[in-house]
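*Asks:* Below is one structure. I have some questions about it.
Residue numbers (the working numbering), protein chains in the order written: chain A, 8 to 195; chain B, 8 to 195.
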């Protein structure tokens, strides 16, 4: 960020009055340009004992498998965002049961909110965002070809809960250290 | 938004290629300026049967009572944000039990994440952001002087759960219609 999006003047990087951290501030109109984490909302769409995954048609991680999820948009709820992303990535309609996982990714300033959901029917298909959309039984999940650590951890939590016969909310952080991603469950 | 924050050229408002909604796009460098909802993280700090509230020293809703909460910052988790806001608004240290409420406010593009927490000690006090910080028993909560609908609903859910002896995650939306705010619980 170098210029004010309201007046085009140059920004400087300083601590505003009554604040405690550096922000981008406009030299001309004094507006503080705050930056905040983004929400990625998605679903775990299930049909009987199978889970719907999408093979990504876009970077990052093109060609790897993921649960349908994407950035929450202005004017919608996180639940609506999860349902919309499932439609956009898999042409799949779902009914949502509950909020299942809230995972922080502070190294990319994202918070994943994943909902547990049931497919309404089997009319899913690849969209412009997916190369392939497919139902997987537990033994067939392509663990080595999953797109993101959050997706792997969401699936592990889901399958653990299912085998125990009891679903609960999962919270945690994905931490990146020296290029390695570790998951830390919190509030357990 | 009128100018590109990277190159200062004028923005135009159009649907980017492979997208389905209008965005601000730079005429010169083609960068799409996405806008997304923000997370407000906070705590319900309790001491025995009392709840800590803060009287706001800043607009909006200056002089009204709230639970400590504020915008999540880059580089932190939602849990860290809730703990930090409780420290900044009430000089109070807490230990967090669980994520208690996730409420969407699509009319202001915010998602509230409220954590259930216990005060570590009674060394809380008003900060630069609060005129007064005080513990309230259930019968003394100033329902008519609460700052926001989300805060009122969080407190109602908390007290309902407490009276039932069982805490659970609450999800819902605050909807604004003709200047009136309504709360709709979801996934119940």
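Each residue gets a CB set at the ideal place from its N, CA and C atoms; glycine is no exception.
Tell me whether residue 133 of chain A sits in a helix, a strand or coil according to DSSP, three-state version.
*Replies:* Reduced to three states, the DSSP call for residue 133 of chain A is coil.
*Asks:* Ordered along the chain, which non-local residues of its own chain (more than five positions away) have a Cβ less than 6 Å from that of residue 5 of chain A?
*Replies:* For residue 5 of chain A there is no data in the structure shown, the boundaries of chain A being 8 and 195.
*Asks:* What whole-angstrom Cβ distance do residue 8 of chain A and residue 12 of chain B have, given they're in contact under 8 Å?
*Replies:* 5 Å
*Asks:* Let's see if you can read the secondary structure: which residues bound the alpha helix (DSSP H) around residue 24 of chain A?
*Replies:* No alpha helix (DSSP H) holds residue 24 of chain A; DSSP gives it neither H nor E.
*Asks:* Residues in the same chain with beta-carbon distance under 7 Å from residue 60 of chain A, minus the five sequence neighbours each way, listed in chain order, please.
*Replies:* 72, 73, 74, 141 and 143
*Asks:* Is there a C-beta anywhere in chain B that falls below 7 Å from the one on residue 145 of chain A?
*Replies:* no
*Asks:* Identify, in the order they occur along the chain, each residue of the same chain with its Cβ nearer than 7 Å to the Cβ of residue 101 of chain A, setting aside the five sequence neighbours on each side.
*Replies:* Excluding sequence neighbours, residue 101 of chain A sits near 50, 52, 90, 93, 124, 125, 126 and 127.
*Asks:* Starting from residue 158 of chain B, trace the alpha helix (DSSP H) in both directions and tell me its first and last residue.
*Replies:* 156–171
*Asks:* Provide the residue span of the beta strand (DSSP E) that contains residue 179 of chain B, from first to last.
*Replies:* 177–184
*Asks:* Using alpha carbons as the reference points, say which of B:62, B:56 and B:85 lies closest to residue 179 of chain A.
*Replies:* That would be B:85, whose Cα lies nearest to the Cα of residue 179 of chain A.
*Asks:* So the alpha helix (DSSP H) residue 88 of chain B belongs to, where does it begin and stop?
*Replies:* Segment 85–97, the alpha helix (DSSP H) holding residue 88 of chain B.
*Asks:* In the DSSP assignment, find the unbroken beta strand (DSSP E) run with residue 62 of chain A in it and report its ends.
*Replies:* 57–63
*Asks:* Distance, Cα to Cα, residue 118 of chain A vs residue 112 of chain A?
*Replies:* 6 Å
*Asks:* I want to verify the contact list: residues of chain B whose CB lies under 7 Å from the CB of residue 111 of chain A, in sequence order.
*Replies:* 84 and 85
*Asks:* Quick one: Cα of residue 158 of chain B to Cα of residue 131 of chain B, how far?
*Replies:* 20 Å
*Asks:* Any beta carbon from chain A within less than 7 Å of residue 138 of chain B's own beta carbon?
*Replies:* no
*Asks:* Assuming the contact rule is C-beta atoms closer than 8 Å, residue 107 of chain B and residue 165 of chain B should be a hit. Round their C-beta distance to whole Å, please.
*Replies:* 7 Å
*Asks:* With a threshold of 7 Å between beta carbons, is residue 10 of chain B in contact with chain A?
*Replies:* yes
*Asks:* Compare the C-beta of residue 118 of chain B against all C-beta atoms of chain A and say whether one is closer than 7 Å.
*Replies:* yes
*Asks:* Going by DSSP in three states, residue 145 of chain A sits in which element: helix, strand or coil?
*Replies:* helix
*Asks:* Using a 10 Å radius around the Cβ and a threshold of 16 neighbouring Cβ atoms, would you call residue 20 of chain A buried or exposed?
*Replies:* exposed
*Asks:* Measuring from the CB of residue 34 of chain A, is there a heavy atom of the ligand ATP at a distance below 6 Å?
*Replies:* Because no ligand of any kind appears in the structure shown, any question about the ligand ATP cannot be addressed here.
*Asks:* On the DSSP bridge assignment, give the partners of residue 33 of chain A in chain order.
*Replies:* Bridge partners of residue 33 of chain A: A:18.
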